[in-house]
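First comes the structure, then the notes that go with it.
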């Protein structure tokens, strides 16, 4: 197989000589196997209980995730109650409230299926308007709001990934094993920029992920020395502003592994230690969003009614795509694609569901 071009958002990558490892029917069976295997391993590793979750929340609740702060949620009116509702973009804030309402204790957590519609997404090999992920959240205490604790949780999740890969290869011998290291690299976003200031954050992550195989980038959302953040984060869930030493900020990050099919760093998870009341106010002020502190969710957090937590999302279709070595997310997820993209994929031997 020829080497694919490095992934660039919005550009379709068509690997030369691509052939799926499994038939369409085998792929559907493997998707279920991967999801069942991974979520059971995740629940055991992090002490999580499965719960049900909403598809939509009221717009006035402040529970929806605003992601990078520019995406538009799908909004609709509910006639019988006279309120507007929004399809969730993630469950970052809902999960924290659920931990309090359901009576979870320190060291306990929950996970759930999160299904979202993101109409502003740029469609390509990795991105669809339909997002499916495992959202998880766990109660911590103040002493665990540290980078070492964050790294420990990331290692647990990465271990589940490696074991799931092993099980997939045993069950489906035609699927090649991922060439991933036993241990991942942890790096600060500020250090990536300092070492390589002339390239974009995506190019920096591509480089280090190509070299290491797996990397977790810590500190995403706060401006770096250049004045811009490594990537965007909303102000009211991840803590991206707390200083961790003299030159670094942030208790959150993204997990990347090297995708040999597409030749790019492949984001599997965004996660982090969540804001405490002081970090929430600091981040709302930095974004010019202090008025949001009067929303119901934010009032509960500031009043101390919500536990300290760590949590994140792990892409379900992303994980299946990686473990089955597919070239397009549309091979493991039924989605909406342009006629031109479908034609190009068909010609390149990429079967979209």
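In our numbering, the protein residues as written are 754 to 1106.
We put the beta carbon where it would ideally sit given N, CA and C, even for glycine.
Because the structure is a prediction, the values reported are computed rather than measured.
For residue i, write down the residues that DSSP places opposite it in a beta bridge.
i, result
"residue 1094", "DSSP, once it has assigned bridges, lists no residue as partnering residue 1094."
"residue 772", "Residue 772 pairs with nothing; no bridge assigned."
"residue 1085", "BP columns for residue 1085 are empty, so no partner."
Tell whether a beta-carbon distance below 8 Å holds between residue i and residue j.
i, j, result
"residue 1060", "residue 882", "no"
"residue 1114", "residue 1013", "Residue 1114 lies beyond the residue range present for the chain, which begins at 754 and ends at 1106; the question has no answer from this structure."
"residue 988", "residue 930", "no"
"residue 996", "residue 965", "no"
"residue 1017", "residue 959", "yes"
"residue 765", "residue 877", "yes"
"residue 806", "residue 852", "no"
"residue 1050", "residue 815", "yes"
"residue 1015", "residue 1080", "yes"
"residue 912", "residue 798", "yes"
Please report how far the alpha carbon of residue i lies from the alpha carbon of residue j, in whole angstroms.
i, j, result
"residue 825", "residue 795", "31 Å"
"residue 862", "residue 1007", "20 Å"
"residue 867", "residue 846", "12 Å"
"residue 1084", "residue 1101", "13 Å"
"residue 978", "residue 788", "40 Å"
"residue 1087", "residue 1103", "14 Å"
"residue 910", "residue 834", "41 Å"
"residue 889", "residue 972", "19 Å"
"residue 1005", "residue 778", "38 Å"
"residue 998", "residue 941", "11 Å"
"residue 871", "residue 986", "16 Å"
"residue 961", "residue 886", "25 Å"
"residue 804", "residue 857", "12 Å"
"residue 884", "residue 896", "34 Å"
"residue 956", "residue 841", "30 Å"
"residue 1097", "residue 781", "22 Å"
"residue 880", "residue 969", "20 Å"
"residue 859", "residue 983", "31 Å"
"residue 827", "residue 771", "35 Å"
"residue 925", "residue 1044", "53 Å"
"residue 875", "residue 1089", "12 Å"
"residue 1046", "residue 1001", "26 Å"
"residue 936", "residue 808", "36 Å"
"residue 831", "residue 1058", "29 Å"
"residue 905", "residue 1093", "44 Å"
"residue 1105", "residue 1076", "17 Å"
Give the DSSP-derived three-state secondary structure of residue i in the structure shown.
i, result
"residue 954", "helix"
"residue 1009", "strand"
"residue 1017", "strand"
"residue 1032", "helix"
"residue 888", "strand"
"residue 811", "strand"
"residue 780", "helix"
"residue 883", "strand"
"residue 898", "coil"
"residue 921", "helix"
"residue 866", "strand"
"residue 790", "helix"
"residue 907", "helix"
"residue 976", "strand"
**Prompt:** Are there three or more Cβ pairs, one per stretch, closer than 8 Å when the stretch 1024 to 1032 is compared with the stretch 938 to 948?
**Reply:** no
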